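First the structure, in the form of structure tokens, and then the observations on it.
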Amino acid sequence: MKVEFLKLAQQELDDAFEYYEYQQTDLGYRFVEEVYNAFDLIRPFLLLFDATVIVYSPNSI
Numbered sequence: 143m144k145v146e147f148l149k150l151a152q153q154e155l156d157d158a159f160e161y162y163e164y165q166q167t168d169l170g171y172r173f174v175e176e177v178y179n180a181f182d183l184i185r186p187f188l189l190l191f192d193a194t195v196i197v198y199s200p201n202s203i
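Encoded structure:
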């Protein structure tokens, strides 16, 4: 599965990476790894739902 982020979502992920990396060396990398691990957990269930993808962004509210 190829994961593609909307531009805004990618920016938020980049910002989160920088924040966590500033807090502790390698914490940003561990955070991003966990994001991708979450996608790996979702992957087996993709065909159970509609192909429509809803992207949530806390800044879009």
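First residue of the sequence shown: 143, per the working numbering; consecutive thereafter. By construction, the Cβ of each residue, glycine as well, lies at the ideal position given by its N, Cα and C atoms. What you are looking at is a predicted structure, and each value in this text was computed from that prediction instead of being measured.
The beta strand (DSSP E) runs lying completely inside the segment 154-195 and spanning 3 residues or more number zero. Non-local C-beta neighbours of Phe-187 in its own chain, meaning closer than 6 Å and more than five positions away in sequence, are absent.
Across the structure, Asp-182 and Asp-157 are spaced so that their CA atoms are roughly 22 Å apart. Within its own chain, the residues whose Cβ lies closer than 8 Å to the Cβ of Tyr-162, once the five positions on either side in sequence are excluded, are Leu-169, Gly-170, Arg-172 and Phe-173, listed in chain order.
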